[in-house]
Amino acid sequence: QDGNRGERMIQSSCAEPSGLSSKCNENHGVTKSDFLSAFEVDDEAGIDVEITSICPGKTKTPVENKGKSYEDNGDIRTRENASTPSRKRKGDDSVNFSMRLRPRKAQEVVLLDADAHHSESAEKPTTKRDAMKIYYPSSEHSNSIELSHDDIKCLEPESLLSSTIMNFYIMYLQGPMSSISTQRGKYHIFNTYFFKKLEALKSKVDKPSYFLNLRRWWKGIDIFQKPYILFPVHADTHWSLVIICMPAKEDQSGPIILHLDSLKFHNSRLIFSVVERFLKQEWNYLKENGSLAECPIRETVWKKLPHKIEKKPIAVPQQENEFDCGLFVLYYMQRFIEEAPERLHKKDLSMFGKTWFQPEEASALRKKMKTLLHQLFEE
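As structure tokens, then:
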């Protein structure tokens, strides 16, 4: 590779397009010195080589020369001992190997990375439709999501969902057209960027100052009053879901953190530690500032809340491919809010399970969201 990350192949000036010499024959005048110099080896190195044809189509010819060289259908290699088996790399052939020889006089051919090729869509002029943007739910909304036609591409089959599309549907779930709109008072959903903000808290030197700024994310929302707090987790190109369940005031138990993962890919223990730190920081802030009008949790539990937090990885229906994780997270949200009681008790955890719903139901969300977005653009 050269400095510009392009792959350089050296092609002989007398080579055919195939990469082989145009004058290929048994006596093409290549000497032992020429062969060794091509590999930058001195004559004094003691490597004995017999020169044979590299023309393709030849049958395998054993070479009687102390096992130091052999010819295999025109593929020339050197080895130290004839008893050592040939280790041919997968995909290697005689033509490819000949292209790796570096003669002194050569013409350099630079091959651009495959990613550098322009796509068909990039070559086409941008239409008015492609340039169109919409804002959901409206441009006046403080947390509106900007969407373009390009954003819809991640809803094509076998594509991973982007944060933009995830956040669009999260906003949609909290809007008047959603099937869970009547449940609006019992939950709050943070967007896809929230978990990363929580995660960053651990590495901050001035944690109190950082957390004070972080609290603007839930300005006007009492975290401990809401029965349910939900937010996606994104790491290593995979989505999973966190649900924080706040207990009823008559309960003796504390908050329960649930982790739902459609591939069991994310480390639940690490995610629990991030979320637990968030709850403890908020508890400390409210306790020190006395800004909690009415304690939403049983007083005996509230006083020892950091020790009362429970964490549970939840068995849920699993995706049957590598790219529907975002759809499953959004469907977990929707399905949970539709079915969850006013406040979750431990016995209610039985609502989950691998048979909670059919995987096809979550996967079908791809088509539903695509239709919904096309309608919004048409309007």
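In the UniProt record's numbering, the protein residues as written are 1 to 379.
Where is the CB? At the ideal position from N, CA and C, for every residue including glycine.
Bear in mind the structure is a predicted one, so any value in this text is a computation, not a measurement.
- Just measuring C-alpha positions, the residue of Gly185, Met132, Glu146 sitting nearest Arg343 is Gly185.
- Check the Cα spacing between Phe265 and each of Ala248, Val275, Ala235, Arg277: the tightest is with Ala235.
- In the DSSP assignment, Val233 falls within the unbroken beta strand (DSSP E) covering 228 to 235.
- Assigned with DSSP and collapsed to three states, Lys197 falls in helix.
- The C-beta separation of Ile314 from Pro247 comes to about 17 Å, leaving the pair out of contact by the 8 Å criterion.
- Distance from the CA of Phe323 to the CA of Lys367, rounded to the nearest whole angstrom, comes to 14 Å.
- Leu155 sits away from Ile134, with the two beta carbons spaced by 9 Å or more.
- Exposed is the label assigned to Met177, since fewer than 16 other Cβ atoms lie within 10 Å of its Cβ.
- The beta carbon of Phe224 sits closer than 7 Å to the beta carbons of Met246, Pro296, Ile297 from its chain, once the five residues preceding and following it are set aside; these are given in chain order.
- Per DSSP, the unbroken alpha helix (DSSP H) holding Trp283 starts and ends at 268 to 289.
- By the criterion of a C-beta distance shorter than 6 Å, Glu158 is surrounded in its chain by Phe323, once the five residues flanking it on both sides are discounted.
- Residue pairing by DSSP places Ile256 opposite Cys245, Glu310 in a beta bridge.
- If the five residues before and after His188 are omitted, its C-beta is found closer than 6 Å to the C-beta atoms of Ile221, Lys226, Ile229, all from its own chain and listed in chain order.
- At the C-beta level, Tyr193 and Ser240 stay beyond 9 Å of one another.
- Rounded to the nearest whole angstrom, the C-alpha separation of Ser273 and Lys202 is 10 Å.
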